[in-house]
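Quick note: the sequence shown, position 110, residue 110 per the working numbering, numbers continuous.
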Amino acid sequence: MICIFGGAFDPPHKEHIRIAKEIKEEFGFSEVVFLPSGNSPHKSLETPYDVRISMLSVAINGAFPIDLTEGTLTERAYSYKVLPLLKEKYGEIAFLIGGDSLFALDRWRCPDAILKICPLIVVPRGDDDLSALRCAADSYIARWGGRILISEKVRGESVSSSMIRAKAELELDIPEVDPSVREIIEGCSLYRRYTSIVERVRSMLREGRWRHTCGVVLAGLKINERIGLPFEKVFLGCLLHDCMKHTDRINPGVPEDVIGTKVLHAFNGAEEARLAFKIEDEEILDAIRYHTTARGGMTTLDKLVYTADMVEEYTRDFEGVEHLRETAYRDLDEGFRLCLESCYQSLIERGISIYHLTMDAYNEYCKKE
Ligand SMILES: [Fe+2]
Ligand SMILES: [Fe+2]
Numbered sequence: 001m002i003c004i005f006g007g008a009f010d011p012p013h014k015e016h017i018r019i020a021k022e023i024k025e026e027f028g029f030s031e032v033v034f035l036p037s038g039n040s041p042h043k044s045l046e047t048p049y050d051v052r053i054s055m056l057s058v059a060i061n062g063a064f065p066i067d068l069t070e071g072t073l074t075e076r077a078y079s080y081k082v083l084p085l086l087k088e089k090y091g092e093i094a095f096l097i098g099g100d101s102l103f104a105l106d107r108w109r110c111p112d113a114i115l116k117i118c119p120l121i122v123v124p125r126g127d128d129d130l131s132a133l134r135c136a137a138d139s140y141i142a143r144w145g146g147r148i149l150i151s152e153k154v155r156g157e158s159v160s161s162s163m164i165r166a167k168a169e170l171e172l173d174i175p176e177v178d179p180s181v182r183e184i185i186e187g188c189s190l191y192r193r194y195t196s197i198v199e200r201v202r203s204m205l206r207e208g209r210w211r212h213t214c215g216v217v218l219a220g221l222k223i224n225e226r227i228g229l230p231f232e233k234v235f236l237g238c239l240l241h242d243c244m245k246h247t248d249r250i251n252p253g254v255p256e257d258v259i260g261t262k263v264l265h266a267f268n269g270a271e272e273a274r275l276a277f278k279i280e281d282e283e284i285l286d287a288i289r290y291h292t293t294a295r296g297g298m299t300t301l302d303k304l305v306y307t308a309d310m311v312e313e314y315t316r317d318f319e320g321v322e323h324l325r326e327t328a329y330r331d332l333d334e335g336f337r338l339c340l341e342s343c344y345q346s347l348i349e350r351g352i353s354i355y356h357l358t359m360d361a362y363n364e365y366c367k368k369e
């Protein structure tokens, strides 16, 4: 039996190759076939199919075959339509999916049809709970029949392609990809949609603050893995959050009562994002504006930027940060609440006056009945 390993591979990373090797061994597959997605129903792909194939070819380096079926399809390549074509071509097949996909299986197009075509092989990701995965698998099987096998030995480390794309945008090292893939990323200038904004923010910040900003972008994207906000909102909100940290210039639109206070840079930054960076998305602007004070009625993006700012891994090392970080990666609402609580207590201890929006947020999210 062969195993089909589908994905956008945008870009392919070392984890993909490791998982293929280990799954092949654990389940005794005769082969693992990589199936790069054509026009995915789940996300709008930006990197052209042929460029993704080039990256995948050098990453795999002959160790596994690549199936080009989806590149030839003109319609949306739903799994329930593609898998029968592959079964015809290869004989008995199994279909590899991540733990996150298993949890979302009932939102796939025709999951019952997929389970009738072939067994699913599930690779748990990061800190996926095995018993929760088994429970989900059992309930699908009870509803639709078929077989779902969860890997006992292989676990995907928390490497995500969106994190790698962000690192490329920020011109950071990308140890997660093979150097030959990195060459294509650089040669084709992939993942450089925001170069002018990145360069400009970088020029406005001192080195330590830039490092913190990169940390916030990456922490924001990591939190977002469980939430699924659009990449652009998370990336730009985090990237721009502290852009006015080192500037005295005050933009129009900043409230009078924040001038001369520590929270000025957040309000000033939102106006700078609007005026200088031409950001029109009010959700992004709000997330920048309220990243220091918080407010009542926080949006998910507000909470995400606020929390990522506090728990990022590059420069935040205060006592207790690990617990906050671990909670935020698992559960944003709870992570945010703990961050807000900790921030509020620290302001009280240091005798710093509490801005009225912070008071609103504290009353809404932290005050016990
Ligand atoms: Fe800030
Ligand atoms: Fe910050």
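All C-beta atoms in this analysis are idealised placements derived from N, C-alpha and C, irrespective of residue type, glycine included.
Residue i: CB within 6 Å of a non-hydrogen atom of ligand 1
i    : result
D242 : yes
T292 : yes
Any non-hydrogen atom of ligand 2 closer than 6 Å to residue i Cβ
i    : result
D309 : yes
Proximity to residue i [Cα-Cα], best of the options
i    : options                   : result
P230 : F29, L301, E199 and I184  : L301
M244 : R143, V216 and R289       : R289
G220 : R226, I227, V234 and Y194 : V234
E232 : A132, I284 and S30        : I284
C11  : T261, V51 and D128        : Just to set this straight, residue 11 is Pro in the shown sequence, not Cys. When only C-alpha atoms are compared, the closest one is V51.
T358 : G297, E322 and I60        : G297
A287 : L275, A266, L102 and F277 : A266
F34  : G62, A276, E186 and H323  : G62
L130 : A113, C110, R147 and S151 : S151
A142 : K116, D127 and R125       : K116
E199 : L239, E176, D178 and C188 : L239
K14  : R226, D100 and G156       : G156
E26  : C3, F9 and S37            : C3
D281 : D309, Y314 and G237       : G237
E341 : R295, D317 and T299       : R295
R325 : C135, Y344 and L304       : L304
C110 : Y140, G98 and G28         : Y140
V201 : E186, A276 and A328       : A276
Where residue i sits in the DSSP three-state scheme
i    : result
A94  : strand
P11  : coil
I348 : helix
V33  : strand
F5   : strand
R125 : strand
L120 : strand
L205 : coil
I174 : coil
G386 : An answer regarding residue 386 cannot be provided, because it is not within the stretch 1 to 369 covered by the chain.
L236 : helix
I185 : helix
L149 : strand
I66  : strand
I114 : helix
D343 : In the sequence on display, residue 343 carries Cys and not Asp. Reduced to three states, the DSSP call for C343 is helix.
F277 : coil
A142 : helix
L190 : coil
S131 : helix
Y365 : helix
Residue i burial status per 10 Å Cβ neighbour count (16 or more: buried)
i    : result
I348 : exposed
K153 : exposed
A24  : For the sequence presented, residue 24 should be read as Lys rather than Ala. Looking at its Cβ environment, which holds 16 or more other Cβ atoms inside 10 Å, K24 is buried.
R249 : exposed
N363 : exposed
S79  : buried
R76  : exposed
E322 : exposed
H16  : buried
I259 : exposed
F318 : exposed
I164 : buried
message = Check whether the region 77-97 and the region 206-221 are in contact - that is, three or more C-beta pairs closer than 8 Å.
response = no
query = Any contact of the region 334-342 with the region 267-279, i.e. 3+ C-beta pairs under 8 Å?
reply = no
query = Would you call the region 166-178 and the region 190-201 touching, i.e. three or more CB-CB distances under 8 Å?
reply = yes
ask   = Can you find at least 3 beta carbon pairs, one from the region 80-89 and one from the region 106-124, that sit closer than 8 Å?
value = yes
request  = Answer yes if the region 121-130 comes into contact with the region 99-107, meaning at least three C-beta pairs across the two stretches below 8 Å, and no otherwise.
outcome  = yes
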